[in-house]
Structures are given as C-alpha cells and as structure tokens.
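Colleague:
Protein chains: 2
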Amino acid sequence: MSKGLVSLAINDRPGVSEATRLRVLEVADRLGWRPSLPARTLSTSRTYALGLVLRRDLRIVAADPFYPAFMAGIETVLTDEGRVLVLSVVGSAEAEERAYRTFAADRRVDGAFLNDLRHDDHRVDLLRELGIPAVLVGRPDGPAPFPSVVLDDAPGVTAAVHHLVDLGHRAIAHVGGDPALLHARHRRRAFEDAVAARGLVPTAVVDTDFSMAQGASATAALLAGRTRPTAIVYANDPMAIAGLGVLQEAGTQVPDAMSVVGFDGTEMARHTHPPLTTVRSDPQEWGAAAARTLLALTTSGSAASVELPPAQLVVARSTGPAPGPTD
Amino acid sequence: MSKGLVSLAINDRPGVSEATRLRVLEVADRLGWRPSLPARTLSTSRTYALGLVLRRDLRIVAADPFYPAFMAGIETVLTDEGRVLVLSVVGSAEAEERAYRTFAADRRVDGAFLNDLRHDDHRVDLLRELGIPAVLVGRPDGPAPFPSVVLDDAPGVTAAVHHLVDLGHRAIAHVGGDPALLHARHRRRAFEDAVAARGLVPTAVVDTDFSMAQGASATAALLAGRTRPTAIVYANDPMAIAGLGVLQEAGTQVPDAMSVVGFDGTEMARHTHPPLTTVRSDPQEWGAAAARTLLALTTSGSAASVELPPAQLVVARSTGPAPGPTD
DNA sequence: CTGAAAGCGCTTACAG
DNA sequence: CTGAAAGCGCTTACAG
Chain S
1 MSKGLVSLAI NDRPGVSEAT RLRVLEVADR LGWRPSLPAR TLSTSRTYAL GLVLRRDLRI
61 VAADPFYPAF MAGIETVLTD EGRVLVLSVV GSAEAEERAY RTFAADRRVD GAFLNDLRHD
121 DHRVDLLREL GIPAVLVGRP DGPAPFPSVV LDDAPGVTAA VHHLVDLGHR AIAHVGGDPA
181 LLHARHRRRA FEDAVAARGL VPTAVVDTDF SMAQGASATA ALLAGRTRPT AIVYANDPMA
241 IAGLGVLQEA GTQVPDAMSV VGFDGTEMAR HTHPPLTTVR SDPQEWGAAA ARTLLALTTS
301 GSAASVELPP AQLVVARSTG PAPGPTD
Chain P
1 MSKGLVSLAI NDRPGVSEAT RLRVLEVADR LGWRPSLPAR TLSTSRTYAL GLVLRRDLRI
61 VAADPFYPAF MAGIETVLTD EGRVLVLSVV GSAEAEERAY RTFAADRRVD GAFLNDLRHD
121 DHRVDLLREL GIPAVLVGRP DGPAPFPSVV LDDAPGVTAA VHHLVDLGHR AIAHVGGDPA
181 LLHARHRRRA FEDAVAARGL VPTAVVDTDF SMAQGASATA ALLAGRTRPT AIVYANDPMA
241 IAGLGVLQEA GTQVPDAMSV VGFDGTEMAR HTHPPLTTVR SDPQEWGAAA ARTLLALTTS
301 GSAASVELPP AQLVVARSTG PAPGPTD
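If you're matching them up, the sequences are chains S and P in order.
As numbered in UniProt numbering, residues 1 to 327 make up the first sequence, in order.
As numbered in UniProt numbering, residues 1 to 327 make up the second sequence, in order.
#1: Roughly how many angstroms lie between the CA atoms of P:Ala144 and P:Gly138, to the nearest whole one?
#2: So, with DSSP's three-state summary, where would you put S:Tyr48?
#3: By the three-class DSSP mapping on this structure, what secondary structure does P:Ala204 have?
#4: Using a Cβ-Cβ cut-off of 8 Å, state whether P:Pro65 counts as contacting chain S.
#5: My output table needs one value for S:Leu117: the three-state DSSP class, helix, strand or coil.
#6: Mind checking who S:Gln312 pairs with in its DSSP beta bridge?
#7: Hey, how far is the Cα of S:Val161 from the Cα of S:Ala194?
#8: With three or more beta-carbon pairs closer than 8 Å as the criterion, would you say the segment 74-89 of chain P touches the segment 115-126 of chain P?
#9: State the Cα-Cα distance for the pair P:Thr326 and S:Pro310, rounded to the nearest angstrom.
#10: Let me check one thing: in DSSP terms, what residues is residue 330 of chain P bridge-paired to?
#11: What residues in its chain sit with their C-beta under 8 Å from that of P:Met71, if we drop five residues either side in the sequence?
#12: Answer with buried or exposed for P:Thr44, where buried requires no fewer than 16 other C-beta atoms within 10 angstroms of its C-beta.
#13: At a Cβ threshold of 8 Å, is S:Leu114 touching chain P?
#14: Can you give the beta carbon distance from P:Met258 to P:Ile232, rounded, assuming they're within the 8 Å contact cut?
#15: What does a CB cutoff of less than 6 Å around residue 341 of chain S pick up in its chain, not counting 5 residues either side in sequence?
#16: Going by Cα to Cα distance, which pick from P:Ala105, P:His163, P:Ala39 and P:Thr79 is closest to P:Val314?
#17: Helix, strand or coil for S:Ile132? Go by DSSP, reduced to three states.
#18: Assuming P:Ala304 and P:Val149 make a contact with CB atoms under 8 Å, what is their CB distance in whole Å?
#19: Starting from the beta carbon of S:Asp106, find every residue of chain P whose beta carbon is closer than 7 Å, and list them in chain order.
#20: Determine the direct distance from the alpha carbon of P:Leu114 to that of S:Gly32, and round the result to whole angstroms.
#21: For chain P, find out if any of its Cβ atoms is closer than 8 Å to the Cβ of S:His169; answer yes or no.
#22: Could you compute how far the alpha carbon of P:Glu307 sits from the alpha carbon of P:Pro147?
#23: Name, in chain order, the residues that DSSP records as bridge partners for P:Ser88.
#24: Please state if the CB of S:Thr208 and the CB of S:Pro173 are separated by a distance shorter than 8 Å.
#25: What residues of chain P sit near S:Ser88, judged by a beta carbon separation below 9 Å?
#26: By DSSP's criteria, P:Ala112 is part of a beta bridge. Which residues make up the other side?
#27: On the criterion of 16 or more Cβ atoms from any shown chain inside 10 Å, does P:Arg226 qualify as buried, or is it exposed?
#28: For a cutoff of 8 Å on Cβ pairs, would you count P:Glu129 as touching chain S?
#29: Would you say P:Arg292 lies against chain S (beta-carbon separation less than 8 Å)?
#30: Taking the alpha-carbon positions, what's the P:Asp12 to P:Thr293 distance?
#31: Among the residues of its own chain, which have a CB less than 6 Å from the CB of S:Thr76, if the five just before and after it don't count?
#32: Let me know the secondary structure DSSP gives S:Thr326 once reduced to three states.
#33: Would P:Ala322 and P:Leu167 qualify as a contact pair, given that the criterion is a beta-carbon distance under 8 Å?
#34: For S:Ile172, which beta-bridge partners are listed by DSSP?
#35: Within 8 Å of any Cβ in chain S, is that where the Cβ of P:Glu267 sits?
#36: Are P:Asp141 and P:His119 closer than 8 Å when you measure CB to CB?
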C-alpha cells in the first residue's frame, strides 16, 4: 500500500479496485488518518476555503441582520462540503482591495463572494485579474464574467406601494439606502416606478447610508417638509425602526397619522410597536444558494446564475388607511 | 542569492547582513514576489489564520449586534498582522465540536476564540486536547489553561439597579438571558446582588434564550403577574426593545408606568421611543483585545489575561421615577 | 491494478 | 556571511 495508492483511493481517482479503495478508507479511518490539508494545497493549489470581504461602516453592519443570516446560510453548505469560510471585515474601498489582493497572493481561497454590488463595480475586474472565481450576490448592472445569485427586491417594493395606494395614500415618500449600492438603487427605482404606475408623484425621495441615524434624520426632515407624506417606505428595517422612533417622539401616531413600511423582514420588525409592515427576503437561503453556486464554479469551472423567489410584502400594523379626507 | 538566503532574509532571521536583507527585500518587492503560504505552512505548520466558531440560534445571532462588532474588532488587528479569520457558524453543540475537530485535523488555524463561555465548558478541554491554543472571551468559572479577555458586565447592571432604586422603584424584575451561558448568569447575579444590597427582593427573575420572542413573552408574563414590577432590567437590548413593544401595545407608558433598562448599548437603543437606558460595553474593543491576546499566545506560546474597562450604565429616557405613591 | 520518483515552494540545519 | 541538501506530506504522471 504505497503513498500514491492511498492518495488515489482517498481522492476517488480511477485506477484503484473497489476492494482496495474500501480497505484503504477503512485503515485510514481506524488510524484516524486524514490527509494534510497544507500538503494537499501545496501540490494541488486548492485551499478548500471560500472568501467573503465585508466592506461596510461598522455602525451599519452592526444594526443590519442581513450578514449574520447570509453567512449562516453559506455555512450550511460549506460545512457539509468540508469547506471553510475566510472572513475579512474592512472599512474602506482601499482596505477591501488589499484584502482581495492578499487573498490572491497568499492563495487563501478558491473563490469569493461579491456582495453589495455597485455601479461599474471595479472589484469584478479586480477579481478576474487576480484569478479569483467569484459569485455576484445580486444583479449586476451589465455583463459580468461571473455567475450571479439574484433575489429581486422590486416586487416587494412594488407591492408595498400598491398596498399603500390601495389604502388611500397619495403622498408617499421613500427613505432610500446608499445610492452607491445597486440594491439601494433597485429599491428606489421600484418605488418610483410603482408610484408612477398609479399616476402619482413621490412626495420625496431621500438617500441615506442605510444607518439608523440617517433614517432618523431623514424622517425628521420629511415631517418638517412643506408637503408632508402620509406614508414612508424605507429601504431597510433598521431605518424604518429609527423612523418609527422619530414619529412617536413627535407624537405622530402610526399608522393613524403615518404609515410606515420597512424592508428586510427582520425579527426586529415583528416586535416593534406597532409591528412593521415590511418586505421580506430570505438572506439565509440567499447565502446557501450563493455558496452552492460558488462551490460549483470552483470545482467544475462554471456555474449557472440563479434567480431566487423575489422579496415579498408582509403586511402588519404599521400601515393603515390614509389619514384625513379620503375619496 | 540562494533560496535559503532569501528565506532567512524574508523571515528576519539572524545570519544575514543588513545590506543583503535589504537587497533581498527590494528585489522581492520589485518582482512582486511573496512567499507561498501553503508551502510555508507545510514546512512550519503555521497557518496565519485564527478560528471563530459561532454556536447560536440564527434568530438570536441575527438580532444581536455583538458579533459583527466583535469580529470587526478582531479584523482591525488581524489585517495588520497578515492574519485571517476563519469563521464557522453552527447550530448545535455537536456541530460545534465537529467544527473544532475539523480545524485541528485540517490544521486550519493557529488558535481559536472561545466565546459564550458555559459552566464547566467542555470546549476548553476539547481545545486543549486538540492542541489548539485559545483565548477565552469572558471570565471562566474556574481555572483554565488559556488566557481570558474579560469585560465585566456586573458594574453596569449594579449601576442600573441603583439608578432605578434611586428613582423610587421598589418592584424591579429581571428578564435574564440563557442561563447556560456564563455571562447571562453574571448579569443575573449582579442584578440579584444589587437588589439585595438595597434591601429589596426581586419582583421576578425570568430566564430566556436571549431572543426577542422570549423577551416579549417574558414581558407579557410580568405584566400579567400578581405583583407587577415598575421597572424591568433586560439582559440584552433586543429583548428590551421587544419588551418596549409589548408594553406599548398594552398601553403601558414608558417610563411613566414602567421603566426599562437594556444591555449592550447598541445603536438600536439610541433610536427607539423612548431611547433606551442601557448598559454599554465595547464589543469591538473586546474583539481587538482578544485578537491581540490570541496572537501573542500563538506566536510566543504564552499571553497574559486582560481585563477591559467594565460595562457602564448609559441613562436615557426609558427610565424615570417610579409611578404611584412614592415615599 | 500497484510501486517508485519527482515535484509543489517553502524552512532549516549543516557545511563551507 | 553564503550555498547545497533534506524535509514538510501530499498528488501525479510513469513504469512495471
């Protein structure tokens, strides 16, 4: 039983009789022997690791339940495949680029997840150039050399606007996210299109950085504005919750005087007062699907893009009939 | 310029003249050459990676801003040291043990963080046995073979109780966390001791799993109980926020009819209505300190335990004078 | 179907 | 202070 034979048997390569393979596996198991990963990596240059770089302001990451759920979804598939997740949390675009370059130089990972897509996202070229296979988490705004895993935000936002208009609202505002991020643009665009489809004009559309602080100040600004909306659609739940706080501090009843819609469908949204009407996506399944796709890409060299079920409106008690004279 | 020489120069080993070392580094830099990590790992068995296994119910992880901040803190020190974080998110004790065993078998990491300490935590023995150096994040309840990095919860909880008693509260309840976790026990113990120190008896102490759902139901139970508290101290901010929701749904004014105290000092606590009195700790600094300690341990073989500044009470508007006839 | 050999790219004694 | 050699533990053609 030579080294080479064992290797062939362990790696399910042809050229080993089934009987021998079983014997090898049995002996390895009995001895508790496992091939050394560093040695294997040195000769095959496969690391059995996938990389995720998070670039976000800490204040935002900390309040946003997306990433923990997304990562948990990734793990559900990696664990079974003997893979591991290498995580990097960075605070700037420069640090993010350094992180990817280090991944490449150190051969840390077989592939990477690319989250929070941007317009003309130069990280796509960077990863291609570095030779790191990637999966795009979200819909890119142009042709891309990598497969994408998409969960469409638009239908949920559209449904939210129709829900509000059906309740009699005519003055609806949007507190959007960071316009540098494509998904924030998608939500904003879906909002604007849906409002227009009902023959209305948005009362206001405010960009933010997705933080609760900016969600709060945007809400305060809307309350102080010349034309005050009767409903606000927020680009994420944390901002909607901060908005709820501002409204209640100002004595504005929700939903009697103001309807509020969040986005994410977080646990938190179920426990506010009143519980939040929100648009639910499934970040855990998103993570799992992204991991499956990236795994396929790194092992077979190619993988098809995936379209997940779109985000859905979940109506709770933060939305109600428009106040004042309705027709 | 032989391979060996280059290696000595790159690794700052003695036996190379300063002039040659500089020349080697200059040439490496010009050629963009970096030593191959897998090869280096194979000969030195150092991976330059640190491991973190998260075992928590997803519902809790997602609502809890501790981990994102803690991990960001870790990253601030790892990045500069050319290290990387390997993350595993698991749902059960068995999966957690498997994760550590895989870390060891695959030589994935040089050391690991041990969070969410438990009574007689058998992971400590497991890691010792597997030969994985670790740092304990929190105060262990007994002698341990690893250094710990402690941020004491008690002073903040104690201050919260005194604050409430000073406001005239005599009926104070505690919605605790998961009693399997030492930090939940510490918070509970600090609560009970502080109440006793003021000559009072807790109106109630309820254990939970730290989830918003159980925070909400514990609050509902307290409202329905025979002796109703005038103040509730929660073991984390998410539960306090869920409690706020339940109280407001029930028409109980905060703080007029009920004072509420959270724990964590999250961003979220600043944006509720009313803003939450809470106990602030610094999870990011905690992560950074834990990373520094683990780095020292893995490189030098030993590291001293660290005691960080304790958690502090931050008074906001969810606490006020006790309702009814005060003396 | 099996065994002996080279190679992955470093580090580390060991001579010179 | 420098160069040649062995070794880390696998995988992979290449002969037998």
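We put the beta carbon where it would ideally sit given N, CA and C, even for glycine.
Modeller: Quick answer:
#1: In the second sequence, counting from the first residue as 1, residue 144 of chain P sits at position 144. In the second sequence, counting from the first residue as 1, residue 138 of chain P sits at position 138. Rounded to whole angstroms, P:Ala144 and P:Gly138 show a C-alpha spacing of 12 Å.
#2: By one-based count along the first sequence, residue 48 of chain S stands at place 48. Of the three classes helix, strand and coil, the one that applies to S:Tyr48 here is coil, per DSSP.
#3: Residue 204 of chain P sits at position 204 when you count from the first residue of the second sequence. Strand.
#4: Position 65 of the second sequence, counting from 1, holds the residue named residue 65 of chain P. P:Pro65 counts as touching chain S.
#5: As a working note, residue 117 of chain S is residue 117 in the first sequence. Of the three classes helix, strand and coil, the one that applies to S:Leu117 here is coil, per DSSP.
#6: Indexing the first sequence from 1 puts residue 312 of chain S at position 312. Beta-bridge pairing links S:Gln312 to S:Arg280.
#7: As a first step, residue 161 of chain S is located in the first sequence; it is residue number 161 there, counting from the start. As a first step, residue 194 of chain S is located in the first sequence; it is residue number 194 there, counting from the start. In this structure, the straight-line span from the alpha carbon of S:Val161 to that of S:Ala194 is close to 6 Å.
#8: Three or more Cβ pairs closer than 8 Å define a contact, and the segment 74-89 of chain P falls short of that threshold against the segment 115-126 of chain P.
#9: In the second sequence, residue 326 of chain P corresponds to position 326, counting from 1. In the first sequence, residue 310 of chain S corresponds to position 310, counting from 1. Below a pLDDT of 50, predicted positions are generally treated as unreliable, and P:Thr326, at 44, falls in that range; no measurement from the model is reported.
#10: Given a span of 1 to 327 for chain P in the structure shown, any question on residue 330 of chain P remains unanswerable.
#11: Taking the first residue of the second sequence as 1, we reach residue 71 of chain P at position 71. Leu52, Leu85, Leu87 and Gly287, listed in sequence order.
#12: Here residue 44 of chain P refers to the residue found at position 44 of the second sequence. Classified as exposed, P:Thr44 has fewer than 16 neighbouring CB atoms from the shown chains inside 10 Å of its CB.
#13: The residue you call residue 114 of chain S lines up with position 114 of the first sequence. No, its Cβ sits nowhere closer than 8 Å to a Cβ of chain P.
#14: Position 258 of the second sequence, counting from 1, holds the residue named residue 258 of chain P. Position 232 of the second sequence, counting from 1, holds the residue named residue 232 of chain P. Yes, P:Met258 and P:Ile232 are in contact; Cβ-Cβ is about 7 Å, under 8 Å.
#15: Lying outside 1 to 327, the shown extent of chain S, residue 341 of chain S is not represented and no answer is given.
#16: The residue labelled residue 314 of chain P in the question sits at position 314 within the second sequence. Taking P:Val314 as reference, the option from P:Ala105, P:His163, P:Ala39 and P:Thr79 with the minimal CA-CA separation is P:His163.
#17: Numbered from its first residue, the first sequence carries residue 132 of chain S at position 132. Coil.
#18: Mapped onto the second sequence, residue 304 of chain P falls at position 304. Mapped onto the second sequence, residue 149 of chain P falls at position 149. About 10 Å separates the CB atoms of P:Ala304 and P:Val149; that is not less than 8 Å, and the two are not in contact.
#19: Within the first sequence, numbered from 1, the residue matching residue 106 of chain S stands at position 106. Simply Leu37.
#20: Numbered from its first residue, the first sequence carries residue 32 of chain S at position 32. Numbered from its first residue, the second sequence carries residue 114 of chain P at position 114. It is roughly 25 Å from the alpha-carbon of S:Gly32 to the alpha-carbon of P:Leu114.
#21: To locate residue 169 of chain S, count along the first sequence from 1; it is residue 169. Output row for S:His169: interface = no.
#22: As a first step, residue 307 of chain P is located in the second sequence; it is residue number 307 there, counting from the start. As a first step, residue 147 of chain P is located in the second sequence; it is residue number 147 there, counting from the start. The straight-line gap from Cα to Cα measures roughly 11 Å.
#23: One-based indexing of the second sequence puts residue 88 of chain P at position 88. Paired residue(s): P:Val53.
#24: Along the first sequence, read from residue 1 onward, the residue named residue 173 of chain S stands at position 173. Along the first sequence, read from residue 1 onward, the residue named residue 208 of chain S stands at position 208. The amino acid at residue 173 of chain S is misidentified as Pro; the sequence shows Ala. Cβ atoms of S:Ala173 and S:Thr208: not closer than 8 Å.
#25: Here residue 88 of chain S is taken as the residue at index 88 of the first sequence, counted from 1. Residues of chain P with a Cβ closer than 9 Å to the Cβ of S:Ser88 are, in chain order, Glu75, Leu78, Thr79, Val84 and Leu85.
#26: Here residue 112 of chain P is taken as the residue at index 112 of the second sequence, counted from 1. The partner list for P:Ala112 (beta bridge, DSSP) reads P:Gly51 and P:Ala134.
#27: Translated into the one-based positions of the second sequence, residue 226 of chain P becomes position 226. If you draw a 10 Å sphere on the C-beta of P:Arg226, you find fewer than 16 other C-beta atoms in it, and that means exposed.
#28: For the purposes of this step, residue 129 of chain P is taken as residue 129 along the second sequence, with counting starting at 1. No, because no Cβ of chain S sits closer than 8 Å to the Cβ of P:Glu129.
#29: Walking along the second sequence from the start, residue 292 of chain P turns up at place 292. With 8 Å as the cut-off, P:Arg292 does not count as an interface residue toward chain S.
#30: Here residue 12 of chain P is taken as the residue at index 12 of the second sequence, counted from 1. Here residue 293 of chain P is taken as the residue at index 293 of the second sequence, counted from 1. Rounded to the nearest whole angstrom, the C-alpha separation of P:Asp12 and P:Thr293 is 23 Å.
#31: In the first sequence, the residue the question calls residue 76 of chain S occupies position 76. Apart from the 5 residues on each side of it in sequence, S:Thr76 sits with its Cβ closer than 6 Å to the Cβ of Ala288 in its chain, given in chain order.
#32: One-based indexing of the first sequence puts residue 326 of chain S at position 326. With a pLDDT of 44 at S:Thr326, under the threshold of 50, the modelled position of this residue cannot be trusted, and the question is left open.
#33: For the purposes of this step, residue 322 of chain P is taken as the residue at position 322 of the second sequence. For the purposes of this step, residue 167 of chain P is taken as the residue at position 167 of the second sequence. Taking C-beta atoms as the reference points, P:Ala322 and P:Leu167 count as a pair closer than 8 Å.
#34: Sequence index remark: in the first sequence, residue 172 of chain S carries index 172 (1-based). According to DSSP, S:Ile172 shares a beta bridge with S:Ala231.
#35: Residue mapping note: residue 267 of chain P aligns to position 267 of the second sequence, counting from 1. Yes, its Cβ sits closer than 8 Å to a Cβ of chain S.
#36: Counted from its first residue, the second sequence places residue 141 of chain P at position 141. Counted from its first residue, the second sequence places residue 119 of chain P at position 119. Yes, the Cβ-Cβ distance between P:Asp141 and P:His119 is below 8 Å.
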